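Each remark here refers to the structure printed beneath this line.
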Amino acid sequence: MTDIQTETEPLRQSGISAASERARSSDHPDCSSRNHTNMAEGVPSPSYSDCSSQNHTNMTAEELPDLLCMTQGELADFLAVLGEKSFRAKQVYDWLHVKGVRSFDGMTNLSKALRDKLGSVSRITVLRPVQVLTSQTDGTKKYLFALSDGNIIESVMMRYSYGVSVCISSQVGCRMGCRFCASTIGGRVRNLTAAEMLSQVTEIQRIQKERVSHVVVMGSGEPFDNYEELVRFLRLIGDEKGENLSLRNITVSTCGLVPEIRRFAEEGLPVTLALSLHASSQKEREILMPVAKKYELGEVLDAMRCYFSRTGRRITFEYSCVQGVNTSSADADRLKTLLRGMNCHINLIPVNPVEERSFRQPDRREVEAFKDQLEKSGINVTIRREMGRDISGACGQLRRSYLNENAAAEGAGGQTPEI
Ligand code: SF4
22 MTDIQTETEP LRQSGISAAS ERARSSDHPD CSSRNHTNMA EGVPSPSYSD CSSQNHTNMT
82 AEELPDLLCM TQGELADFLA VLGEKSFRAK QVYDWLHVKG VRSFDGMTNL SKALRDKLGS
142 VSRITVLRPV QVLTSQTDGT KKYLFALSDG NIIESVMMRY SYGVSVCISS QVGCRMGCRF
202 CASTIGGRVR NLTAAEMLSQ VTEIQRIQKE RVSHVVVMGS GEPFDNYEEL VRFLRLIGDE
262 KGENLSLRNI TVSTCGLVPE IRRFAEEGLP VTLALSLHAS SQKEREILMP VAKKYELGEV
322 LDAMRCYFSR TGRRITFEYS CVQGVNTSSA DADRLKTLLR GMNCHINLIP VNPVEERSFR
382 QPDRREVEAF KDQLEKSGIN VTIRREMGRD ISGACGQLRR SYLNENAAAE GAGGQTPEI
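Note that the working numbering has the sequence shown beginning at 22, numbered continuously upward.
In structure tokens form, the structure reads like this:
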């Protein structure tokens, strides 16, 4: 799709490596077969034969295939090229996706020779936690993870009566330009791989020593702007031979990329789809979200209706309440008309103030009145509990503070703080 916002490269200016420069493109070297075909000339797709012989010697560590992105079938193909029997694929897949091992040395039922071979021709994504903040008010935890190329991403763990929910990022930064969002201020740096999305969940599970029951893909990034890796991630995390998280407990949130919503409806994945609606009219939406200029509100709502009719999954609308902008009585009336007849739910989210933006939260009574008006017309509405407000609650805000602090520390000759 066309760029919504010009990409900026904040980390490039601060001297990221050549490897990370390659990684910042949309086609980060991942495990999808299309990328592997590019690595080894003349090798038919799908193929991992570039990793089996001498070709890998020219690859940097980051260019090696990431076993954590592979399905069990792809692992079997990969190992077959190395001359290994297919049962090895089950063993390796089990280590990665059931036992949560993240090193070849930890795969103790493989021979030392095979572990060494795997270590020289492939890699396993590992996220490094660099900061964890815990809310004193509700126990929400915000994690900052360092990726192998030095980029930083943010994930959030929230505890509810029904279980533990983790909100993950799908991109480093975002190029959609929503006016109330901190994630987009530096533009999009790069897409995350499926393994980097998965690892946000598994790493939090490992640190917390408890099972994550729900996942929301609602952190930094527009998931449908990274479509292939998103779908790969969903298939991996929902695989009953692996992580086996119910896809019904996963919500994917989009700002409204119409072709991708319609494509997603055909994937056969029973996840909840949430639309960042945030306005009751095309004009208002364009003020808050540049993407609205590309896809009109009516078109987006039609795509959401299509998602419901193909999957039977009730639609969620996210609605950030901004003081003086979108919570008037006229807004409620327009929403009633727009959503009439839809099987949907609206989440009202008092906007989190972002330092670089001028938007403010309406007071609680204004939000309650807006909710009441919507409910009277039969729409299902909740006001989302504000989680982690005392720890840089807005999406992307903690990452921005971290990057700003580290840029200042580097300027002063300081060192990167780590936990
Ligand atoms: S709200 Fe979502 S899509 Fe919009 S800029 Fe922020 S991260 Fe991107």
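Note that the Cβ used here is the ideal one computed from N, Cα and C, for glycine as well. The structure presented is a predicted model; accordingly, all values stated were derived computationally and were not measured.
- Taking a contact as a CB-CB distance under 8 Å, the pair residue 409 and residue 156 counts as one, their CB atoms being some 4 Å apart.
- Per the coordinates, the alpha-carbon of residue 245 lies some 41 Å from the alpha-carbon of residue 134.
- A Cβ-Cβ contact shorter than 8 Å links residue 204 with residue 241.
- With contacts defined by Cβ atoms closer than 8 Å, residue 272 and residue 239 form a contacting pair.
- Collapsing the DSSP output to three states places residue 368 in a strand.
- Annotation: the continuous beta strand (DSSP E) that includes residue 167 extends over 162–167.
- Residue 198 and residue 183 have their C-alpha atoms spaced approximately 33 Å apart.
- When the beta-carbon positions are compared, residue 258 and residue 324 stay at least 8 Å from each other.
- For the ligand SF4, a non-hydrogen atom lies closer than 7 Å to the CB of residue 197.
- Linking residue 305 to residue 315 through their CA atoms gives a straight-line distance of about 14 Å.
- Per DSSP, the beta-bridge partners of residue 235 are 186.
- Bridge partners of residue 274 according to DSSP: 295.
- For residue 335, the closest of 352, 296 and 357 by C-alpha to C-alpha distance is 296.
- Bridge pairing for residue 404: 369 [DSSP].
- Cβ-Cβ separation between residue 286 and residue 337: approximately 15 Å, too far for a contact (criterion under 8 Å).
- Look at residue 312 here: in three-state DSSP terms it is helix.
- Every beta strand (DSSP E) of 3 residues or more that sits fully in the region 107–184 is shown, in chain order, as 149–155, 162–167 and 173–181.
- Within the model, the alpha-carbon separation for residue 352 versus residue 210 is close to 35 Å.
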